[in-house]
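Per my numbering, the sequence shown runs over residues 655 to 1144.
Since the structure comes first, as structure tokens, the remarks are kept for the end.
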Amino acid sequence: MLNPFDIVIFGGGGDLSLRKLLPAMYRAYQEGNLPEGSRIIPTVRALDKPQDFIDKIQSGLKDFLAKGEYNAKDWKAFSSFIHPLVVNVTEMDDNWLVLKSLLEADDESKSRVFYLSLPPAVYGRCSELLSDNNLITDNSRVVVEKPIGYCGDSAEEINAKIAQYFAEQQIYRIDHYLGKETVQNLMALRFSNVLFENMWDAKCIDNIQISISETVGLESRAGFYEKAGALRDMVQNHLLQLLCLVAMESPHKLTANSIRAEKLKVLEALRPLVDAGVDENTVRGQYVPGDLNGKLVPGYLEELGAPNSHTETFVAIRAHIDNWRWAGVPFYLRTGKRMHKRCAEIVVEYKDVSHNVYSNNVGNIEPNRLVIRLQPEESIQLTLMSKRLDNLEMQLEPVTLDLDLSKNYENGFHSDAYKRLMLDAAAGNASLFIHRDEVRQAWAWIDPIINHWQYSGTPSLYRAGSWGPDASDELLSENGHRWFNAGEGF
Ligand code: BG6
């Protein structure tokens, strides 16, 4: 069991805090993983009555927890862990002294997590004020959200500023995809099964697809999204992190340093996309009104309320990793909003058999395929060729070994990435967080794409409720491949 800890959530009244962070802590409490003596300190800019804020947290929990998770008894107990405070994160004023006296009321060796649920532009100033008030102890960590910056230079600037006050091992850069149980299962699948690991390279694999499709649109995040777009919001972090876990060599131990070192090597080996290479290997799209599950939904421009925008809500990329293991294997990355289905999937397509001993009339021999679904359900499917048993002739057909992972748990399970990562930060376990070098390297690959897009072309349009623009299908058909679409297949 974890030792008691204090977690200060700067920006505690914001969307992320109410939707994800506080529900995550409530779940930790329900599971018995919030040690007695811990304190959750959400900070806000202004607060007339603390009780109003507590009420807001309570109604957030009711809205954002899954059905059946909220109950009045647990809320009563959980609310006693919450100590809301007013703090201005960019100005020194007396409220910082209130925070200081609250934290210092407990032993200095207690673990402190400062969660900056704030715009990246103020990470530096908030860290500086933490330092000026002597709040950063040896057992303190700071958690910062992605995307860090808008390009490599701004990320460096932000990272350098935080580094003036916190040592690298105290800085926990969060990517919530790494906290998903199924994403960690990727490593378990690869590194605890000889079956896959021995067939995990260019000799056996033809191509790999990593796809995260969402049905939501802009939601209430126009200010952020219009400046960021899908490349910065999803590819620079979530998709590249998944790519790293799929493609990296086995770390020699499961420590933060060895995992991060292997991920970094993948990012360094990514073939740069520059100038014409960007046009040839990337597709960006923007949704227009369309039919999503029988409902007409507005396009991006209508949601934004602007007549014009070149922000991409969809990205598809053909990437290559230039190393021995992956030479010649295309990695297709895809993500988009307002797509046909919500799904995150990794599809590994194996090569054809090296010599076909069957005649043409047995049916097509399709390549083996491994589909790892990360959400909404967690499953692993392996498609193999098999003889039809109801036929005296030799007839082959594809059959699928279908493993529904959630069925293994009688009471189901609520995987909550934020809970996992917040508790890891409290325990000082950084293995699922991102090192500064990874951020730097990921931007080094993304920056030339962004720069080229600024001066060349505009996003291709796609209907809301579709699988993205036609150009995305064409990107794969150039190599004789097709997207594997959730629920539909190839
Ligand atoms: C966030 C992005 O990091 O991830 C959002 O900023 C996106 O735009 C979200 O909707 C997707 O996360 P999940 O866990 O719902 O797949």
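Even for Gly, the Cβ is constructed at its ideal location relative to N, Cα and C.
Ignore the nearest five residues each way along the sequence and tell me which others in residue i's own chain have a CB closer than 7 angstroms to its CB.
| i | result |
| --- | --- |
| ALA856 | ARG979, TRP980, ALA981, GLY982 and VAL983 |
| GLY1017 | GLN1049, LEU1050 and GLU1051 |
| PRO774 | ILE802, GLY803 and ILE812 |
| LEU924 | ALA973, ILE975 and TRP1099 |
| HIS892 | ASP829, TYR831 and ILE866 |
| GLU880 | LEU958, SER963 and THR965 |
Can you give me the C-alpha to C-alpha distance between residue i and residue j, rounded to a whole angstrom?
| i | j | result |
| --- | --- | --- |
| ILE812 | SER1008 | 51 angstroms |
| MET841 | LEU896 | 10 angstroms |
| ILE708 | MET1076 | 21 angstroms |
| PRO961 | LYS764 | 53 angstroms |
| GLU758 | VAL740 | 17 angstroms |
| LYS917 | PHE968 | 25 angstroms |
| ILE828 | ASN852 | 31 angstroms |
| ALA731 | LEU688 | 11 angstroms |
| TYR986 | ASP1127 | 11 angstroms |
| ILE661 | SER785 | 16 angstroms |
| ARG779 | VAL798 | 13 angstroms |
| ASP747 | ARG699 | 12 angstroms |
| ASP945 | GLU868 | 14 angstroms |
| GLU1003 | ASN725 | 45 angstroms |
| ALA720 | LYS995 | 20 angstroms |
| PRO1123 | TYR1116 | 5 angstroms |
| GLN1029 | ALA1125 | 25 angstroms |
| THR647 | VAL1053 | Outside the shown range of the chain, which is 655 to 1144, sits residue 647, and nothing can be said about it. |
| CYS898 | ASN977 | 13 angstroms |
| MET888 | GLU934 | 21 angstroms |
| LEU1130 | VAL937 | 11 angstroms |
| ILE1019 | MET1039 | 7 angstroms |
| LEU772 | ASN1062 | 38 angstroms |
| SER1110 | ASP807 | 22 angstroms |
| ARG1042 | CYS805 | 54 angstroms |
| GLY686 | GLY1143 | 41 angstroms |
Would you say residue i and residue j are within 9 angstroms of each other, going by their C-beta atoms?
| i | j | result |
| --- | --- | --- |
| ASP1078 | GLY833 | yes |
| VAL737 | ILE695 | Before going on, a small fix: residue 737 reads as His here, not Val. Cβ distance < 9 angstroms, so HIS737 and ILE695 count as in contact. |
| ARG886 | ILE1100 | yes |
| ALA1096 | GLN890 | yes |
| ALA1084 | TYR819 | no |
| VAL900 | ILE864 | yes |
| VAL928 | MET902 | no |
| PHE845 | SER781 | no |
| GLY871 | TYR941 | yes |
| ARG1023 | PHE1138 | yes |
| PHE659 | THR697 | no |
| PRO1102 | VAL932 | yes |
| LYS1073 | ALA821 | no |
| GLY990 | ALA884 | yes |
| ALA970 | ARG988 | yes |
| ASN839 | GLU1032 | yes |
| GLN823 | VAL796 | no |
For residue i, which residues from the same chain have a beta carbon less than 6 angstroms from its beta carbon, with the 5 sequence-adjacent residues on both sides left out?
| i | result |
| --- | --- |
| GLU835 | SER1069 |
| ASN787 | TRP750 and LYS754 |
| ILE1026 | ILE1000 and ILE1034 |
| TYR777 | LEU770, VAL798, ILE812 and ILE816 |
| THR1112 | HIS964 |
| VAL1093 | ILE802 and ALA809 |
| SER1013 | none |
| GLU957 | GLY871 and LEU872 |
| TYR954 | GLN940, TYR941 and THR967 |
| CYS997 | SER867 and ALA1140 |
Within a Cβ cutoff of 8 angstroms, which residues of the same chain sit near residue i, ignoring the five residues on either side of it in sequence?
| i | result |
| --- | --- |
| LYS710 | GLY667 and LEU672 |
| ASN793 | GLU762, SER763, LYS764, SER765, ARG766 and GLY1082 |
| ASN1133 | ASN861, ARG972 and PRO984 |
| ASN947 | THR869 and GLY1119 |
| PHE718 | LEU672, ARG673, LYS674 and PRO677 |
| GLN712 | TRP729 and SER733 |
| ILE859 | MET853, VAL983, VAL1002, GLU1003, TYR1004 and LYS1005 |
| SER874 | ASP669 |
| ASN1010 | ILE1019 |
| ALA915 | PRO905 |
| VAL951 | GLY871, PRO943, GLY944, ASP945, ARG992, ALA1118 and GLY1119 |
When the cut-off is 9 angstroms and only beta carbons count, does residue i lie next to chain D?
| i | result |
| --- | --- |
| THR989 | Protein chains in the displayed structure number just one, and chain D is not present. |
So is the beta-carbon of residue i under 8 angstroms away from any non-hydrogen atom of ligand 3?
| i | result |
| --- | --- |
| ALA720 | Ligands in the displayed structure: ligand 1; ligand 3 is not one of them. |
* Within the segment 847-893, note down every full beta strand (DSSP E) run reaching 3 residues or more, in order along the chain. => As for any beta strand (DSSP E) of minimum length 3 sitting wholly inside the segment 847-893, the runs are 859-867, ordered along the chain.
* Which parts of the segment 891-955 are runs of the alpha helix (DSSP H), unbroken and 4 residues or longer, counting only runs that do not cross its ends? -> 894-901, 910-923 and 930-935
* To do: For the segment 976-1056, list the beta strand (DSSP E) runs that are entirely contained and at least 3 residues long, ordered along the chain.
  => Complete beta strand (DSSP E) runs here, min 3: 985-990, 997-1004, 1023-1029 and 1033-1041.
* To do: Note down, one range per segment and in chain order, each beta strand (DSSP E) of at least 3 residues found wholly within the segment 1102-1142.
  => 1114-1117
* Asked: Hey, which unbroken runs of the alpha helix (DSSP H) at 4 residues or more fall wholly within the segment 658-725?
  -> 676-684 and 704-718
* Length at least 3, wholly inside the segment 785-826: the beta strand (DSSP E) runs in chain order -> 794-798
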